[in-house]
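Visitor:
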Amino acid sequence: MPDAGIEAAVSHWAPRFVTQGVDHSDFQRVTSRLESWEHWLDAWCANGDLHASLGQDAERLGRERTAGEAFVRAALSYHFAKFVWVLDMEKHRRATASSVESLLHAHRLIDRTAERIEIPFDGAALVGNLRRPAGQERPPLVILLPGLDSTKEEFFNWEQVFIDRGLATFSLDGPGQGETGYKLAMRHDYEVPLSATIDHLSGRSDVDIERLGVVGVSLGGYYAPRAAAFEPRIRAVVAVAGAYDMGPRFDDRPLISKQAFQQYSHSADLGEAREKAMKICLKGVAELIRQPMLVVTGKLDRLVPWEETRRIAEEAQNAQFVVYDEGNHVCNNLAYLYRPLASDWIREQLSSL
393 MPDAGIEAAV
403 SHWAPRFVTQ
413 GVDHSDFQRV
423 TSRLESWEHW
433 LDAWCANGDL
443 HASLGQDAER
453 LGRERTAGEA
463 FVRAALSYHF
473 AKFVWVLDME
483 KHRRATASSV
493 ESLLHAHRLI
503 DRTAERIEIP
513 FDGAALVGNL
523 RRPAGQERPP
533 LVILLPGLDS
543 TKEEFFNWEQ
553 VFIDRGLATF
563 SLDGPGQGET
573 GYKLAMRHDY
583 EVPLSATIDH
593 LSGRSDVDIE
603 RLGVVGVSLG
613 GYYAPRAAAF
623 EPRIRAVVAV
633 AGAYDMGPRF
643 DDRPLISKQA
653 FQQYSHSADL
663 GEAREKAMKI
673 CLKGVAELIR
683 QPMLVVTGKL
693 DRLVPWEETR
703 RIAEEAQNAQ
713 FVVYDEGNHV
723 CNNLAYLYRP
733 LASDWIREQL
743 SSL
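Residue 393 is where the sequence shown starts when you use the numbering used here, and the numbers rise one by one after that.
#1: Apart from the five residues on each side of it in sequence, which residues of its chain come closer than 7 Å, Cβ to Cβ, to E510?
#2: Assuming the contact rule is C-beta atoms closer than 8 Å, V478 and S735 should be a hit. Round their C-beta distance to whole Å, please.
#3: With DSSP as the reference, identify every bridge partner of L533, one or two as the case may be.
#4: Return the CA-CA distance between H431 and L496, expressed in angstroms with no decimal places.
#5: Among L692, A467, L426, S424, which has the Cα closest to the Cα of S445?
#6: Within 10 Å of its beta-carbon, does D541 have 16 or more other beta-carbons around it, so buried, or fewer, so exposed?
#7: Taking contact to mean at least 3 C-beta pairs separated by less than 8 Å, is the region 700-713 in contact with the region 721-733?
#8: CB-CB under 7 Å to S749, same chain, minus the five flanking residues each way: which ones, in chain order?
#9: Would you call the CB atoms of T488 and E551 closer than 8 Å?
#10: Which word fits R523, buried or exposed, when buried means at least 16 other C-beta atoms lie within 10 angstroms of its C-beta?
#11: Per DSSP, which one or two residues make a beta bridge with V632?
#12: Mind listing, in chain order, the continuous alpha helix (DSSP H) runs of no fewer than 4 residues lying wholly within the region 396-476?
#13: Across the region 585-600 and the region 530-538, are there enough close Cβ pairs to call them in contact, namely three or more that are closer than 8 Å?
#14: Please list the terminal residues of the continuous beta strand (DSSP E) segment that includes Q712.
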């Protein structure tokens with residue numbers, strides 16, 4: 393029988409994997425054979441190797457689109473291999489490196505305008521991927537913020553939703569996220585690294601920083617409103633399934649999620665991690681948000697109660713709240729609803745500036 397880690401992963405994350413681009417048959421095939429959380433990373437890395445090999449074969453035949461799509465699937469498999477899996481950090485780093493490399497191959501093959509950008513910050517670097525829509529000189533820019541256990545490598549298909557609507561995207565690994573997280577611990581005051589990111593991007597001529605939006609999902613749904621409260625250059629915000637106050641429910645989260653929070657916050661133990669989680673709170677902050685903001689959640693969210701996400705909208709000065717009765721965490725089981733809503737809404741906000 394699958395252990396608690398496998399059961400939690402399968403029951404919580406199947407819609408998310410598929411929405412982000414993992415083939416449903418891959419998800420079923422890989423997870424159906426697993427009984428121990430210990431073997432999760434190796435199984436998904438093997439799936440990544442399979443798709444990377446398919447990409448290499450297609451590239452040798454000159455089939456660049458097919459190769460690029462295979463490398464995207466490889467990047468996703470390597471990413472989800474170490475997704476909240478922190479049992480062996482050396483393996484975790486190798487999987488991260490494979491995910492980063494695979495996505496760079498995909499960019500080279502199917503989006504040559506994509507650009508990896510490293511931003512000096514706090515003695516290390518924030519890392520992000522910039523992509524732009526074809527045929528536009530200075531499109532509006534949307535910064536995409538991952539959550540606790542997501543990274544820029546997970547966002548290729550999410551980016552495309554905005555690019556197809558004429559918006560440039562910058563997917564950011566901030567402190568505690570992706571490859572940035574090995575040197576920089578996650579922090580509750582995300583406006584600090586995000587302001588540094590905006591500073592770095594502001595001199596570019598190929599995106600319009602005056603029409604800047606931020607979209608965050610899960611913990612990113614806390615980061616985005618938090619940053620907007622203190623960063624006036626952000627002109628519109630979308631927050632999906634964000635926590636208003638993370639601390640009180642820390643102990644109720646699955647063990648693998650708490651262990652991941654401990655790792656990404658660079659905490660010595662779960663006690664220290666709990667103390668850091670208590671700082672993730674928008675009390676006295678949400679009321680400072682003046683920008684137009686769309687707040688989205690689902691009533692079946694088992695990680696962040698929908699009433700808590702609603703509180704962000706209630707306290708902000710100019711927010712629209714949308715809740716889907718059947719939506720799970722980040723509404724990934726209703727991606728055909730929340731993704732067009734988020735991308736259309738922020739395009740309309742930024743295009744009107």
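Even glycine gets a Cβ: it sits at the ideal position worked out from N, Cα and C.
This one's a predicted model, so the numbers in the text were calculated from it and none came from an experiment.
Guide: From the atom records:
#1: Walking along the sequence shown from the start, residue 510 turns up at place 118. For E510, where only same-chain residues beyond five positions count, the Cβ hits under 7 Å are A517, V519.
#2: Translated into positions along the sequence shown, residue 478 becomes position 86. Translated into positions along the sequence shown, residue 735 becomes position 343. With 8 Å as the limit, V478 and S735 do not qualify as a contact, their Cβ atoms being about 32 Å apart.
#3: Numbered from its first residue, the sequence shown carries residue 533 at position 141. L533 pairs with A560, L604.
#4: Taking the first residue of the sequence shown as position 1, residue 431 is located at position 39. Taking the first residue of the sequence shown as position 1, residue 496 is located at position 104. One C-alpha to the other measures close to 27 Å.
#5: Here the question's residue 445 lines up with position 53 in the sequence shown. With distances taken between Cα atoms, S445 lies closest to A467.
#6: To locate residue 541, count along the sequence shown from 1; it is residue 149. By the 10 Å Cβ count, D541 comes out buried.
#7: With the cut-off at 8 Å, the region 700-713 and the region 721-733 do not touch.
#8: Here the chain comprises residues numbered 393 to 745, so residue 749 is not present and cannot be evaluated.
#9: Taking the sequence shown and counting its residues from 1, one reaches residue 488 at position 96. Taking the sequence shown and counting its residues from 1, one reaches residue 551 at position 159. In this structure, E551 does not lie closer than 8 Å to T488 by Cβ.
#10: Here residue 523 corresponds to residue number 131 of the sequence shown, with the count starting at 1. By the 10 Å Cβ count, R523 comes out buried.
#11: Here residue 632 corresponds to residue number 240 of the sequence shown, with the count starting at 1. Looking at the DSSP output, V632 sits in a beta bridge with V609, V688.
#12: With a minimum length of 4 residues, the continuous alpha helix (DSSP H) runs that stay inside the region 396-476 are 396-412, 416-424, 432-452, 456-473.
#13: Taking 8 Å as the limit for Cβ pairs, the verdict is that the region 530-538 does touch the region 585-600.
#14: Counting from 1 along the sequence shown, the entry for residue 712 is found at position 320. It spans 711-716 - the beta strand (DSSP E) in which Q712 sits, taken as one unbroken run.
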